[in-house]
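In the UniProt record's numbering, the protein residues as written are 1 to 114.
A short worksheet on the structure shown next.
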């Protein structure tokens, strides 16, 4: 996973001036998007149906915990998929990561300013 603080420091050290908060937010979002795409690929490799909410919520859970899962993301995805209850699913659906998954899969219209 990219160290966004390190990137911000690198930019500052070479003399680039910017709104640091906006850059951090943008780097975090780009990193998150990359993790979502990696996890979607894993879901496809495991033949999980990306149309099902349980698959999307499982992806969101793995992405949220990506750094604490060491080299077993496929196994974690399957564990979450099979052990998820409705309460967890409903909670995850309120998460920004779940919404980003919908944007990436083309199931929601992204009206955010680019």
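Every residue gets a Cβ at the ideal spot worked out from N, C-alpha and C, and that includes glycine.
In the DSSP assignment, residue 109 falls outside any alpha helix (DSSP H), carrying neither H nor E. Under the three-pair Cβ rule at 8 angstroms, the stretch 88-104 counts as touching the stretch 30-38. Assigned with DSSP and collapsed to three states, residue 84 falls in coil, not helix or strand.
For residue 61, the enclosing alpha helix (DSSP H) covers residues 53-64. Assigned with DSSP and collapsed to three states, residue 93 falls in coil, not helix or strand.
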